[in-house]
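**Q** The structure under discussion is supplied below as structure tokens; questions concerning it will follow.
In our numbering, the protein residues as written are 1 to 177.
Here it is as structure tokens:
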């Protein structure tokens, strides 16, 4: 029988959480949450007064609240916020506004569709992040399992809402509905 090195693939890790890797992971999620919060607020301003804005407003509030929740979790875990990643998230969101949408002067229905797709993908990533933390909560008392279960459920609901809005926007963008 050969001895397996502790750093080799498939090696068993100690139950302790590698905080340096978790810090990178959570800061990456924070960058994504920052971008998503800015994107959903931009979409709300762009669609102000429409049924889409009315349906999206509660999700936008939750996305911002989830970002605050992530910051709170990072604080409980003593994970420092890496400001450069937060700034990178903001910058990425703003660069995303520069893409071609088939209309030079006014907002295109394609822009709204793209933004809803991006938000839905972001919420899927957030869900994966909450699930990862939920897995870690089995051995880390600093993580509140019940709160993570709530965040997981809320992310699933947000995704369902965004997908329904996205499907409606397909009609608007491609069928003039």
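Idealized CB from N, CA, C, for every residue including glycine.
From this set, 63, 114, 69, which residue's C-alpha is nearest residue 133's C-alpha?
**A** Position 133 of the chain shown, counting from 1, holds the residue named residue 133. Residue 133 has its Cα closest to that of 69, out of 63, 114, 69.
**Q** Straight-line CA distance for residue 65 to residue 116?
**A** Position 65 of the chain shown, counted from the first residue, corresponds to residue 65. Position 116 of the chain shown, counted from the first residue, corresponds to residue 116. For residue 65 and residue 116, the gap between their C-alpha atoms comes out near 19 angstroms.
**Q** Quick one: Cα of residue 22 to Cα of residue 176, how far?
**A** By 1-based counting over the chain shown, the position of residue 22 is 22. By 1-based counting over the chain shown, the position of residue 176 is 176. Approximately 46 angstroms between the Cα atoms of the pair.
**Q** Measuring alpha carbon to alpha carbon, tell me which of 161, 167, 169 ends up nearest residue 62.
**A** Residue mapping note: residue 62 aligns to position 62 of the chain shown, counting from 1. Residue 161 is the option with its Cα nearest to residue 62.
**Q** What is the DSSP secondary structure of residue 55, counted as helix, strand or coil?
**A** Residue 55 sits at position 55 when you count from the first residue of the chain shown. Helix at residue 55.
**Q** Select from 31, 56, 41, 49 the residue whose C-alpha is nearest the C-alpha of residue 163.
**A** In the chain shown, residue 163 corresponds to position 163, counting from 1. Measuring from the Cα of residue 163, the nearest candidate turns out to be 56.
**Q** Can residue 124 and residue 167 be called in contact, C-beta distance under 8 angstroms?
**A** Sequence index remark: in the chain shown, residue 124 carries index 124 (1-based). Sequence index remark: in the chain shown, residue 167 carries index 167 (1-based). Not a contact, by the Cβ cut-off of 8 angstroms.
**Q** Within the continuous alpha helix (DSSP H) that includes residue 32, where are the two ends?
**A** In the chain shown, the residue the question calls residue 32 occupies position 32. Its alpha helix (DSSP H) spans residues 19-46.
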